[in-house]
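>
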Amino acid sequence: MLSANARREEIYHLAVTTGLASVEELSARFEVTASTIRRDLALLNGQGRLARTYGGAMALGAHPEASLRQRTGEAFEQKHAIARWAASIIMPGENILLDAGSTVGALAHELRGFEKLSVTTPGINTMQELGDSEGIQVDCLGGRLRNVSQSFVGPLAEVALERMSFDRVFLGADAVTAEDGICEADHAQTRLKELMARRGNSVYVLADSSKLGLRPFHAWARLALPWTLVTDGGADPQQVRKFRDAGVVVELVEVSQGLRAG
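Counted the way the numbering used here counts, the sequence shown spans residues 2 to 263.
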């Protein structure tokens, strides 16, 4: 059994990586009483490391929303491998919707030079990538600009979507779980993602393996089945199993080649 100090460090680590830790889950995990866990949380709270919540705690400042510029350099090879795979399934003449985000932005880069393609997006990075591509028609979803994500959200974007439909929809994610779908920092973003997913014949969530199973924020986009998770081959097999058991199609991409691994 872990010492009290080691247990508290592990509790803090879990709060940072999952976003939220409940008393019941921690009690079962560490095989100690709920009152012991509450004392641990109180101590961590007193140290300024955790904030108490109803039934548990969350890490203070553990998950500030990163800017698009910051996220573009994270998991670079994985994101571009995922983007290459996604580009390989798009057919000439299709009408597709590209979400905002760094991985979907990498997909937009892969589409440069495509012919007879129609792309709609709320993401400024996609507009910049495809703005000078003669063979691609680009339509922009207007609305309120979120500076941190460099994307448009809100009622204007939502109303525009009501008059559109797409062959394929590609969504990004700050995190994604088999139970609750896409996790984001902003409710307006999750609302728009849900509406986007409803307008597509096929829906793909592009998320590198570091994002699977995490809960860094408290805004969620629930996606109706069927949808496809496209991630890299470094994904935790237990996480992959959870998604497949939930009815989600999972495509694993080999990072070195951008080809399907299984």
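From the three backbone atoms N, C-alpha and C, an ideal C-beta is built for every residue, glycine too. These figures come from a predicted structure and were not determined experimentally.
(1) Would you be able to state if there are at least three C-beta pairs under 8 Å between the segment 149-156 and the segment 189-201?
(2) Quick check: G182 and A222, are their CB atoms within less than 7 Å of each other?
(3) Below 8 Å on the Cβ atoms is my guess for F167 versus N202; work out the distance and round it to an integer in Å.
(4) Since Q151 sits in a beta bridge, which residues does DSSP pair it with?
(5) Could you tell me if Q117 is buried or exposed, where buried requires 16 or more neighbouring beta carbons within 10 angstroms of its beta carbon?
(6) Kindly indicate which three-state DSSP category R113 falls into: helix, strand or coil?
(7) Please state whether DSSP places E130 in a helix, a strand or coil.
(8) Counting C-beta neighbours from all protein chains within 10 Å, is the total for R216 16 or more, i.e. buried, or is it exposed?
(9) Write down every uninterrupted run of the beta strand (DSSP E) in the segment 142-204 whose length is 3 residues or greater and which is fully enclosed by it, in chain order.
(10) Assign L99 to buried or exposed, taking buried as 16 or more other Cβ atoms, counted over all protein chains shown, within 10 Å of its Cβ.
(11) Express the C-alpha separation of P93 and E163 in angstroms, rounding to a whole number.
(12) Keeping to the same chain, check which residues put their C-beta closer than 7 Å to that of A236; ignore five residues upstream and five downstream.
(13) Taking the continuous beta strand (DSSP E) assigned at W221, which residues delimit it?
(14) According to DSSP, is R9 part of a helix, a strand, or is it coil?
(15) Apart from the five residues on each side of it in sequence, which residues of its chain come closer than 6 Å, Cβ to Cβ, to V251?
(16) Using three-state DSSP, classify V254 as helix, strand or coil.
(17) So what's G248 in DSSP terms, helix, strand or just coil?
(18) Check whether the Cβ atoms of V170 and V206 sit closer than 7 Å, and answer yes or no.
(19) I think A35 touches E25, with their Cβ atoms under 8 Å apart; what is that distance to the nearest whole Å?
(20) In angstroms, rounded to a whole number, what distance separates the CA positions of A189 and M2?
(21) Find the nearest neighbour of V249 within the set P227, D233, P238, G234, judged by alpha-carbon distance.
(22) Starting from the C-beta of A208, find all residues in its chain whose C-beta is less than 6 Å away, skip the five residues before and the five after it, and write them out in chain order.
(23) With a threshold of 6 Å on Cβ separation, who are the neighbours of T121 within its own chain once the five nearest residues in sequence on each side are excluded?
(24) Any idea which residues DSSP pairs L99 with across the strands?
(25) I'd like to know whether the C-beta atoms of S150 and Q138 end up nearer to each other than 7 Å.
(26) Exposed or buried, what is A7 when buried is set at 16 or more other beta-carbons lying within 10 Å of its beta-carbon?
(27) Measure the beta-carbon distance from G102 to F115 and round it to whole angstroms, keeping in mind my assumption that it falls under 8 Å.
So, from the data block:
(1) yes
(2) yes
(3) With a Cβ gap of about 7 Å, F167 and N202 count as contacting.
(4) None, per the DSSP bridge assignment.
(5) In the sequence as displayed, the identity of residue 117 is Lys instead of Gln. K117 comes out exposed.
(6) coil
(7) DSSP places E130 in helix when its eight states are reduced to three.
(8) buried
(9) The segment 142-204 contains these whole beta strand (DSSP E) runs: 145-147, 152-154, 167-172, 176-178, 182-185.
(10) buried
(11) The straight-line gap separating the alpha-carbon atoms of E163 and P93 is approximately 24 Å.
(12) Around A236: S210, L213, L253.
(13) 220-222
(14) helix
(15) Correct list, in chain order: L230, V241, F244, R245.
(16) strand
(17) coil
(18) No.
(19) About 7 Å; that satisfies the 8 Å criterion.
(20) 44 Å
(21) Comparing alpha-carbon positions, the option among P227, D233, P238, G234 lying closest to V249 turns out to be P227.
(22) Result list for A208: A174, V177, T232, in chain order.
(23) L98, D140
(24) F171
(25) no
(26) exposed
(27) That pair is no contact at about 20 Å.
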